[in-house]
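A short write-up of the structure that comes next.
Protein chains in written order, with the working numbering: chain A, 1 to 318; chain B, 1 to 349.
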C-alpha cells in the first residue's frame with residue numbers, strides 16, 4: 001500500500017475520532033440538545049468500507065452514523081450544525097445526529113429504528129441495476145439489526161434479485177446493553193447471510209487494512225454483477241451507548257473486554273504507520289478543519305419559525 | 001359520441017398502464033401482481049407489456065418491500081407497491097410511518113419519496129377480522145402522507161394518476177366491492193388532484209359524507225330519505241388527506257345536519273375528523289347537529305348473521321339522518337329495497 005493511500009486512511013480515521021472527541025467535549029455545555037451515539041472505537045469499519053466506494057456509490061447507515069457519514073464524504077460543517085440544531089445543518093436542524101444525510105455525497109438518511117435502512121439500500125440497488133448503472137450500494141448496520149425481521153426479508157430479496165449491495169454488519173457486540181450471546185442462540189451473522197444465499201465473511205480484529213482489502217474485493221464482485229455480499233466486522237464501542245461518556249460503572253461489560261481493542265486501535269496503529277512528519281501535518285490540518293466546523297455551527301442561525309411547517313411534503317422548486 | 005365507460009378495475013389498470021408508458025421510472029410490484037389473477041385484474045398484462053424488471057411479484061415481506069420501495073424512490077424511481085388487503089399494511093407501519101411520512105422533513109428537504117401504496121379493503125363473503133379493516137385513519141393521522149379513497153372509476157383513475165405523479169408518498173385506499181362498479185372513464189390520462197371533495201348528489205336537509213364504499217351506501221340512503229320527503233346532500237371526500245373540510249362545511253352550513261359514515265371504526269376515525277373539522281369551521285355561526293356511523297366496536301365477524309350487523313347500511317344511515325332532521329329519536333327505519341346492496345362477491349376470495 002502506497003504512502004498516499006495510508007495517509008488518506010489515517011486522515012479519515014483520525015478526523016472522525018477528533019470530530020467525535022470534540023462532540024464529547026462540547027456535549028456537557030448543552031450546545032447539542034439531542035441524543036448522540038458516538039462511533040469512537042468503531043471508525044475502522046466505515047473508513048475501510050468507504051475506501052472501496054466511489055463518490056457516486058450510495059451508503060445507508062444507522063443512528064450511529066457519524067463515522068459513515070464522514071468517511072463517505074458527508075459535509076462536516078453541515079453535520080456539526082445539524083447536531084447544534086442550526087438551519088445550516090444537513091437536515092436544517094430537523095433530523096439531528098440520528099438522521100444524518102448528505103444525498104449529494106451518497107449518504108442517505110439514517111434511522112433511529114434499528115434495521116430500518118437495510119431495505120432502503122436494497123431498493124436503491126434495485127434501481128441501480130434496473131438502469132444498468134455501474135454503481136454499488138452499501139448497507140451498514142449493527143449486530144442488533146440482525147435480530148430484526150426486516151434484515152432477513154431484505155437480504156432475501158437482494159439475493160433473489162442478485163443486487164449490487166454490500167451488507168456490512170458492524171458488530172460491536174451489544175444492542176444497547178444486551179450482549180449478542182443473550183439475544184441470539186447462534187450468534188453468527190455470517191451464517192444467517194449464507195443461509196439466504198449470500199457469500200459472507202468475517203473480520204474479527206478490526207484491522208482497518210484488512211477491511212480495506214476485503215471491502216475492495218467484495219465491491220469488485222458487486223461491480224462485476226456477481227450479486228450481493230456480506231461482510232461482518234467485529235468492533236468495539238468505547239463510549240456509552242448514547243452520550244459522550246464512558247459506562248464501565250454500569251457493570252454490563254468489563255473494561256478488560258476493551259483492552260485488546262485499545263491495544264490495536266487503528267487510529268494509533270495507522271498514526272505509527274504513516275510516520276511522524278505525515279502524522280503531524282495531518283493532525284494539524286484536521287485540527288483546523290474541526291475547529292472551523294464547530295465555529296461555523298456556532299455562527300449558523302437557528303431555523304426561523306416558518307421552518308416548522310416546511311418540508312413535510314416536497315417543496316416546489318423556487 | 002357516447003361517453004366512454006369502464007369499471008373501477010379498468011380504471012386502476014389503465015392509470016398504471018398509461019403512466020408506465022409515459023414515464024420509465026414507474027415500477028409496479030407486490031405479491032401476485034404478475035400472477036394469473038393479477039390483483040383482480042388491476043395489473044393484468046402489465047408484466048407482459050413492461051417486462052419483469054418493472055412489474056414483478058415479490059416475496060411475502062411487506063416490511064422490507066415497503067423499505068425497498070422507499071430505496072427505489074430515493075434513487076429516482078416512482079414505485080407502486082400493491083397489497084391485496086389493507087390489513088397487511090400493519091406489517092409495514094415502521095417503513096410507512098417512520099420513514100415514508102418523515103423522510104422529506106427529517107432529511108431537511110434533501111430527499112423526496114414519490115411512492116404509491118395501493119391496498120384493498122375487503123367486505124362480504126366472510127372476510128372476517130383480518131381481511132376487512134379500513135385502516136386509513138392511521139395514515140390520515142400522520143403528517144407527510146397523502147391518502148386517497150376514490151369511490152368511482154373516474155376518480156380511481158384520476159387519483160392513481162395523481163398519486164403516481166406526486167413527489168410524496170400516497171396511500172391509495174381501494175374497496176373490493178367497488179371493483180366491479182362501472183361509470184364514466186375518460187381514456188386520456190388526467191389527475192383528480194388531492195384535497196378536492198365532490199358533491200355526489202345535491203340536497204338541502206342533511207349532509208351525508210361517505211368514506212370509500214360507505215359513499216355508495218350514503219347514495220342508497222338518500223333514496224330512502226327521498227321517500228319520506230327528506231333531501232340529502234351526499235359528499236364524496238375522494239381524498240382523506242388532505243381532506244376538503246371546507247367543501248363539507250359549506251354543505252353542512254346549508255343543511256345544519258351532518259352524518260359522517262366511515263368505512264372503519266368510529267373512535268378517532270375519518271368521521272371524527274370530518275365532524276370536528278366542520279364544527280370548528282362553523283363555530284357557532286350555525287346550529288349543527290351531527291352523527292357518526294361506522295363499524296360496530298368489534299372485530300369483523302365472518303358469519304353473515306353478524307356481519308350484516310357490523311356495517312352501517314343504507315337503512316341505518318337513512319334512519320340516523322332522519323332522526324337528525326327530526327331532532328329526536330323517531331324509531332323510523334325504512335323498508336329494505338332490492339337495490340340496497342350490489343351483488344356482493346362470491347368466494348372463495
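Even for Gly, the Cβ is constructed at its ideal location relative to N, Cα and C.
task: Enumerate in chain order the residues of its own chain whose CB-to-CB distance from residue 274/A is below 8 Å, with the five nearest sequence positions on each side excluded.
output: 3, 6, 7, 10 and 282
field: Buried or exposed (CB count within 10 angstroms, at least 16 for buried), residue 143/A
entry: buried
message: Any beta carbon from chain A within less than 8 Å of residue 94/B's own beta carbon?
response: yes
- prompt: For chain B, is any of its Cβ atoms less than 8 Å away from the one on residue 126/A?
  reply: yes
task: If I'm right that residue 202/A touches residue 190/A with Cβ under 8 Å, what's the distance once you round it to whole angstroms?
output: 5 Å
query: What residue from 56/A, 115/A and 42/A has the CA that sits closest to residue 223/A's CA?
result: 56/A
- prompt: residue 224/B to residue 265/B, Cα distance in whole Å?
  reply: 24 Å
Touch test, the region 21 to 35 of chain B against the region 88 to 102 of chain A, Cβ-Cβ under 8 Å, three pairs minimum: no
field: is_contact[residue 230/B, chain A] using C-beta, thresh 8 Å
entry: no
At least 3 beta-carbon pairs within less than 8 Å: the region 58 to 77 of chain B vs the region 120 to 127 of chain B: no
query: Got a sec, what are the start and stop residues for the alpha helix (DSSP H) residue 154/A sits in?
result: 149 to 160
message: Contact criterion: CB-CB distance below 8 Å. Does residue 106/B meet it with respect to chain A?
response: yes
message: Suppose you measure from the CA of residue 97/A to the CA of residue 240/B; what does that come to, to the nearest Å?
response: 34 Å
- request: Please compile the residues from chain B whose C-beta is within a distance smaller than 8 Å of the C-beta of residue 312/A.
  value: 104, 105, 143 and 144
- request: Return the CA-CA distance between residue 84/A and residue 215/A, expressed in angstroms with no decimal places.
  value: 33 Å
- prompt: From this set, 315/A, 231/A and 291/A, which residue's C-alpha is nearest residue 48/A's C-alpha?
  reply: 231/A
query: Touching or not, the region 267 to 282 of chain B and the region 238 to 258 of chain B, by the rule of three or more beta carbon pairs under 8 Å?
result: yes
- prompt: For residue 70/B, which residues in chain A fall below 8 Å Cβ to Cβ?
  reply: 119, 120 and 123
- prompt: So, is residue 387/B buried or exposed, given that buried needs 16 or more other C-beta atoms within 10 angstroms?
  reply: In the structure as shown, chain B starts at 1 and stops at 349, and residue 387/B therefore has no counterpart that could be examined.
- prompt: For the region 157 to 185 of chain B, which residues have a CB atom closer than 8 Å to at least one CB atom of chain A, in sequence order?
  reply: 167 and 168
- request: Could you tell me the boundaries of the alpha helix (DSSP H) in which residue 80/B lies?
  value: From DSSP, residue 80/B is part of no alpha helix (DSSP H) but of the beta strand (DSSP E) over 78 to 83.
task: Could you name each continuous alpha helix (DSSP H) segment of 4 residues or more that falls completely within the region 291 to 333 of chain B, going from the start of the chain to the end?
output: 304 to 310 and 314 to 326
query: What does residue 92/A reach in chain B if we use C-beta pairs closer than 8 Å?
result: 108 and 109
task: Return the residue from the list 60/B, 190/B and 7/B that minimises the CA-CA distance to residue 41/B.
output: 7/B
query: What are the residues of the region 147 to 158 of chain A that lie near chain B, defined by any Cβ-Cβ distance shorter than 7 Å?
result: 149, 150, 153, 154, 156 and 157
message: For residue 222/B and residue 261/B, I'd like the C-alpha separation in whole angstroms.
response: 13 Å
- prompt: Exposed or buried, residue 18/B, counting other C-beta atoms within 10 Å across all chains shown (16 or more means buried)?
  reply: buried
query: Using a beta-carbon distance below 8 Å, is residue 77/B in contact with chain A?
result: yes
field: Under 8 Å by beta carbon: chain B residues contacting residue 99/A
entry: 106 and 107
task: Please state whether DSSP places residue 261/A in a helix, a strand or coil.
output: helix
Chain-ordered chain A contacts of residue 63/B [CB-CB under 8 Å]: 119, 149, 150 and 153
query: In terms of residues, what are the limits of the beta strand (DSSP E) holding residue 201/A?
result: 200 to 203
message: Does the contact criterion of 3 or more C-beta pairs under 8 Å hold for the region 64 to 75 of chain A versus the region 101 to 119 of chain A?
response: yes
task: Note down, in chain order, every chain A residue with its Cβ under 9 Å from the Cβ of residue 98/B.
output: 111, 112, 113 and 116
query: Residues of chain B with a CB under 8 Å from the CB of residue 95/A: which are they?
result: 106, 107 and 108
task: Please compile the residues from chain A whose C-beta is within a distance smaller than 8 Å of the C-beta of residue 67/B.
output: 116, 117, 118, 119, 120, 122, 123, 150 and 154
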